Amino acid sequence: MLYKVWHRTTYKYTSPVSSGDHVACLKPRDLPHNRLLKNSLVISPVPSLVTERLDYFGNTLCFFNVEEPHKELVVESRSEVLVGADADSEDARGRLAWEDSAARLVEDTSSNAVAAMQFQFESPRVRTRPDFAGYARQSFLPGRPMREALLDLTHRIHADFRFDSSATNVRTPTEEVFQKRHGVCQDFAHVQIACLRSIGAAARYVSGYLRTYPPPGRPRLVGADASHAWVSAYARDGGWIDMDPTNNVAPTDGHVTVAWGRDYSDVSPLRGLILGGGGHTLKIQVDIEPVE
């Protein structure tokens, strides 16, 4: 499926910003099942300096500096991405018992396994805890295949947690989300990653976009979509397996991958430092349009 993706971020400040240094993580990754055909980044005011590089995880970061005084910053990313089902995500992958994929990962000296091991540890927004492990082990029974256990944990999080955009913010601790059972896709991804890492599995945070469908008989609203987050867990018999606890699915051709890291702090779409500005309001508009 071919998608046109539009992501517009607008900051409006109560007083002028004299200068700002920013980092954008908005360029989709180019993968076998997530082919990046086009991407452009339009920034207003026009930056005095723009540079691009890959971060430690292979995500594309755009660094830019705005030196002229401004009371509004607009960052608009436009992409075309061809998404197909990942052949490696079929049931043939993840058939090993989860203990062989997770607990024994340290015994695997292959380059893929060594790279995956870094996602077994705690990160700024994800801590390992006995209560996370206890919740995970209800799905990760002894000898159960990795993929089957992942699907079951994904289903349980979807059933036990309620989507509520007013319950949390980007700074809400994962432990609080786990206790209150309310949150958004970012929170549910962090909870699932915490559960997996707490039993020794390697799991990473994936950011991107999700194709949405309008109610029957109603037109698709341009700009009404949102960025999305899900989870990828490592299986020794095939690599990474994606799971979306918010929607209780294993992502196929409806998910567009932008970046991945240890947690949200590694892949925030836009962050930076400004001089001045006072207070501000933030508006984010996202549109993911399928092209027949």
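Oh and the sequence shown: position 175 is 468 in the numbering used here, straight run, nothing missing.
Note that CB positions come from ideal geometry on N, CA and C, so glycine has one too.
Being a predicted model, the structure only gives us computed values, none of them experimental.
Secondary structure of GLU392 (DSSP, three-state): helix. The C-alpha of SER394 lies about 26 angstroms from the C-alpha of ALA452. Under the DSSP assignment, ALA442 falls in the alpha helix (DSSP H) whose first and last residues are 439 to 453. Per DSSP, reduced to three states, the secondary structure at TYR557 is helical.
By the CB criterion at 8 angstroms, PHE454 and ARG437 fall outside the cutoff. With a cut-off of 8 angstroms on Cβ pairs, the segment 313 to 324 is in contact with the segment 562 to 571, counting three or more such pairs. Counting only residues of its own chain and dropping the five nearest sequence neighbours on each side, ASP537 has a CB closer than 6 angstroms to the CB of TRP523 and PRO544. Unbroken beta strand (DSSP E) stretches of 3 residues or longer found wholly inside the segment 294 to 332: 295 to 317, given in chain order. Under the DSSP assignment, LEU398 falls outside any alpha helix (DSSP H); it carries neither an H nor an E label. In the three-state scheme derived from DSSP, where H, G and I count as helix and E and B as strand, SER491 is classed as helix.
Inclusion of ILE581 and ASP518 in the CB contact set at 8 angstroms is warranted, their separation being smaller than that value.
With a threshold of 16 other beta carbon atoms within 10 Å, PRO417 falls short and is exposed.
Residue pairing by DSSP places ALA528 opposite GLY532 in a beta bridge. Rounded to the nearest angstrom, the Cβ distance from ARG555 to TYR498 is 7 angstroms, consistent with a contact under 8 angstroms. Look at SER404 here: in three-state DSSP terms it is helix. Looking at the DSSP output, GLY501 shares a beta bridge with HIS521 and THR550.
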